[in-house]
Structure formats: C-alpha cells, structure tokens
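Below: the structure, in structure tokens.
Protein chains: 2
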Amino acid sequence: MSQDDVLLDKVKARDPEGTKRAILDAAEKLFAEKGFSGVSVRDISEASGVSQSLIHHHFGSKHALYEEVKKRAIDRFWHRWINRSKKMPHDLGFFADGVETFFWFVRDNETIMRLSCWACLEGDTDLWPGEKEAIEYLAQEISQAQEKGLLRSDVNALMLTILIEAASIFWWQYRPNFIKLFEEMGKSPENIDEWYLKNVTKVLLCGVMKETREIKPQNNDKD
Amino acid sequence: MSQDDVLLDKVKARDPEGTKRAILDAAEKLFAEKGFSGVSVRDISEASGVSQSLIHHHFGSKHALYEEVKKRAIDRFWHRWINRSKKMPHDLGFFADGVETFFWFVRDNETIMRLSCWACLEGDTDLWPGEKEAIEYLAQEISQAQEKGLLRSDVNALMLTILIEAASIFWWQYRPNFIKLFEEMGKSPENIDEWYLKNVTKVLLCGVMKETREIKPQNNDKD
DNA sequence: GTCTATATCCAGATAGAC
DNA sequence: GTCTATCTGGATATAGAC
C-alpha cells in the first residue's frame, strides 16, 4: 500500500457507486412523491445523507439528476415487466389473466407510475406507464390471439392495449378519490380493488369476444 | 361627486372583481401548465399585470389562491357538464353517445383535467376529473338503462362509469406519448382520436350488452 | 471523492405611501 | 384598492480545503 492509500483511508468512506445509488434512491422517492419542482437538492441531501455539493459533483445539476432517476426507473420497469409471471395464449382465459396481471403490476409499481405521471404533466414524452416496449409487447400478444381466432379481429391490437392500460392505471391514479366517493355514498366495500377488477374484466372480456353488431333500437319495454 | 371621489380617480383604475378575475385566469393557466410548485407569484403577477402584493392582498397566500383556482374550476366543470347536449336513454345507442360525449368533453376541458391531475399527485382528493356529482350523474343514467334492460345488470353502474372515464381521460393524458409511439412504428393516422374512440366504443358496447358466460377453453384451432 | 463555507439569485410575504 | 420597496428565508450552484 502506498502512502496515498493510507491517507485516503482517513478520509470519510469512499464509495462512489454506493453514494450515487443512495442519491438516486432518495431522489426517486422524493420526486415520485412531490414532483421535480416540489423537491429541493437540500431535501435529497438530507434524505440520502450525502452533502449537496457531492450531489452536484456526481450529477451536475438537479435536472440532470432527475433525468437519471427517470432513466433508471424506465430500465427497472421494463426489466420487471419482462420477468413477470405470464401464461401462454391458449384460450380466452389468457385475456383475463393479462388484464389482471397488468392491474396488479401497476399497483406494485406505484413509484414509477407517479414519476411518469409527473413527467407527462411536465411535457416529457420519454417516460410513461405504457413505455414503448411494454406496450408493444402486450399488443403483440393480443395480435397473436387475434390470428388464432381467440379474440375478435375488428379491433386494433394497439388500441385495445391502450384501453386495458387505461383501465388499470386510471384506477390506481385516482383510487383515493374513488374510495372517498364510495364512503360518501355510504358504501365502503372491503375488497374494492378486486371488485373493480372483476367488473372491468367482465366488460372487457365480453367486449373482445364477439364482433360488433349494428346498433339498432332494441327497447325491452315499449314506450 | 365629493372631493374624495375626484382624488380616487387619479389612482389607477379600481376594479377589484376584474382584478381578481384577471389573477384567477392567469393563475389557472399557469398552474394547469406547470403545477403549484412550478409557478411563482411573480409569474402570476406578470401574466396578469397585477402586482405581487395585490395578489396577496386579495387571496392571502399563494396556496389560498391555488385553492380558489381549483374551486372555480370545479364549479365551471360541473356547470359545463350539466349543460352539455345529451340524449335520453331510449336504446343502446345512448350508451355509445354517452361514451363519445364524455370523450370529447374531456378534450375540451384540458385545463381542468391537468389541474386535477396535478391535484391528484399532490394528494388533494377534492378536485378530480370524475368530480363527485358528474360521476354520480353518469352512473345514474347507466343504472336507469340497466333497469330498463338496455344494459347487462351484472356489472356495477359506478364501476362501469369509472371504466368509461378511464378510457377517455387516460387517452388525452398520454396522447402525446401515443402519437410518438405510432410515429415510431411507422404509422401516423390522420384521425387518431376518432380511431381510438371507435375501437373503445366497439369493445365497451359489446361488453355491456351481454351477460358474462363462464370462461371455458374454446380454441378455434386445435392444438 | 467528500466535505464546509459561501456566492448569487429568487421565492413568498409584508410595510407603508397614495 | 393598488402600487413600490423591502424583508427574510431558501433555492441552485460553486470554491476550495482535505
């Protein structure tokens, strides 16, 4: 060991990768919570235990750090999505499975969902819950099912994918409001998430099974 | 006219209601664009032509002004919604009409949709795109249609309403991302909004027409 | 690589003249 | 009711020692 190394040991523990990770973790949590403008570098410094100036040293600026946070979140999102448990499209049950899988996947990835929502409002079209690869992946599964004749083929696979994502993401985004609404109406069911999912699956499943008929007046009662 | 009035005339035009409206208008636009933390009172002052201190004089604080902006937006949203053109539920066409009406209604109320999205992220459950009265109104129409036997009755009206809102609000929220996605895939259709709406209406319409059958393997091709 | 200290600016809010 | 001027704190970012 050279003299320099001995000297370095006296300095506070050096672990650049660990430090960067600590900063990114704290920043991600805070940005997801309060958005870019709602968080100060000081906040991140305190939450991560790393000094302000070191944050600037590693990332250059608050905005550059934000971009790094989002970039890392995209990677993790995609990694989790391809590694999720999944079933092969052999029958129509796969469709319900797909809807349900995505629904719970969104719940389990609240942080990135919030990050992407902030990003969307800020006009950033890079990070988003659909995330190009994930959405194309889903759409492709639907396409294949259509080719096999499992799903109606007169709806666009991509558009159907967006609808499925909408049903899940919207629910988790505004869930507190819905809970509040139900409470005000006097009902507050225990398994509200399952209940919503069951209803959505019902409707979507029937919706993708059959071709659309022409809509004609078909009153059940005469008036 | 008393001497006092003459003196007052020399002061810059006094129009408290006009001033307040100018402040609210500018604030609403900016808050919708950049969120609460992304806007300074100075920004609002410059955009409205009203001095900072006068803003504080009229609203007390930046946060109180924000609340006023949201409150006014709720009122306007609700007012617009009850005054929209609507049809009576005489046949199943009313359902497609309802979905389409809401879809374009959301497009035409971008400011309040953005405001409510910011508010949602900030943890405010008062302002939201569903907005209690509006969502109950929609759900009631669906309930009535169910009683008339126009829609399947084994799905909850409120849950169905939420799904319908999800389909529209999610689309407009992430529309720029979808446009970008389509472009990257080599397709960029002209009437993408109409296209999405057509697909959604198709699926939802079929989805609400029939009772759910038990899901059994029903392969079209044998494998 | 990591810290303390600090420069510089801008934020929300107030004082007080008119 | 409306303005100009100002207070005070907190923001991002940098300088420079170790």
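Just so you know, the sequences run in chain order A and B.
Quick note on the numbering used here: the first sequence kicks off at 118 and runs consecutively.
Quick note on the numbering used here: the second sequence kicks off at 118 and runs consecutively.
Ideal placement from N, C-alpha and C gives every residue a C-beta, glycine not left out.
Treat the numbers as computed from the prediction; the structure is a model and nothing was measured.
> What distance in whole Å lies between the Cβ atoms of Ala-236 (chain A) and Lys-187 (chain A), which are believed to be in contact at a cut-off of 8 Å?
Replying inline: 6 Å
> So is Gln-290 (chain B) in contact with chain A if we call contact Cβ pairs under 8 Å?
Replying inline: yes
> With DSSP run on the structure shown, which of helix, strand or coil describes Ser-168 (chain B)?
Replying inline: Coil, per DSSP.
> Looking at the structure shown, is Phe-153 (chain A) part of a helix, part of a strand, or coil, going by DSSP?
Replying inline: Coil.
> In chain order, what residues of the same chain have a beta carbon less than 7 Å from the beta carbon of Trp-195 (chain A), not counting five sequence neighbours either side?
Replying inline: The beta carbon of Trp-195 (chain A) is closer than 7 Å to those of Glu-248, Glu-250 and Ala-251 in its chain, skipping five residues each way along the sequence.
> Is there a Cβ from chain A that is less than 8 Å from the Cβ of Ala-251 (chain B)?
Replying inline: no
>> So, with DSSP's three-state summary, where would you put Glu-227 (chain A)?
In response: Reduced to three states, the DSSP call for Glu-227 (chain A) is helix.
> Straight-line CA distance for Ala-149 (chain A) to Arg-231 (chain A)?
Replying inline: 5 Å
> Which of helix, strand or coil does DSSP assign to Gly-210 (chain A)?
Replying inline: helix
>> Quick test of your reading: Asn-294 (chain A) and Trp-245 (chain B), contact by CB under 8 Å. State the CB separation rounded to the nearest angstrom.
In response: Their Cβ separation, rounded to whole angstroms, is 5 Å, which keeps Asn-294 (chain A) and Trp-245 (chain B) in contact under 8 Å.
> Closer than 7 Å: is that where the CB of Val-272 (chain B) sits relative to any heavy atom of the ligand HEM?
Replying inline: With respect to the ligand HEM, the structure shown offers nothing to examine, as it has no ligands at all.
>> For Glu-307 (chain A), count the other beta carbons within 10 Å of its own beta carbon; 16 or more makes it buried, fewer makes it exposed. Which is it?
In response: exposed
> In or out: Lys-304 (chain B) buried (at least 16 other Cβ within 10 Å) or exposed?
Replying inline: exposed
> Per DSSP, what kind of secondary structure is Glu-185 (chain B) in: helix, strand or coil?
Replying inline: Glu-185 (chain B): helix per DSSP, three-state reduction.
>> Output needed for Ala-274 (chain B): all residues of its chain with C-beta closer than 8 Å, excluding positions within five of it in sequence on either side, in chain order.
In response: Ala-256, Gln-257, Ile-259, Ser-260 and Gln-263
> What does Lys-203 (chain A) touch in chain B if you count any residue whose Cβ is under 8 Å from its own?
Replying inline: What Lys-203 (chain A) touches in chain B: nothing, since even the nearest Cβ is about 18 Å away.
>> For Asn-316 (chain A), report the span of its alpha helix (DSSP H) as first-last.
In response: Where Asn-316 (chain A) is concerned, the enclosing alpha helix (DSSP H) stretches over 309-326.
>> Using only CA atoms, which one of A:Phe-219, A:Lys-319, A:Cys-234 and A:Cys-323 lies nearest to Ser-285 (chain A)?
In response: A:Phe-219
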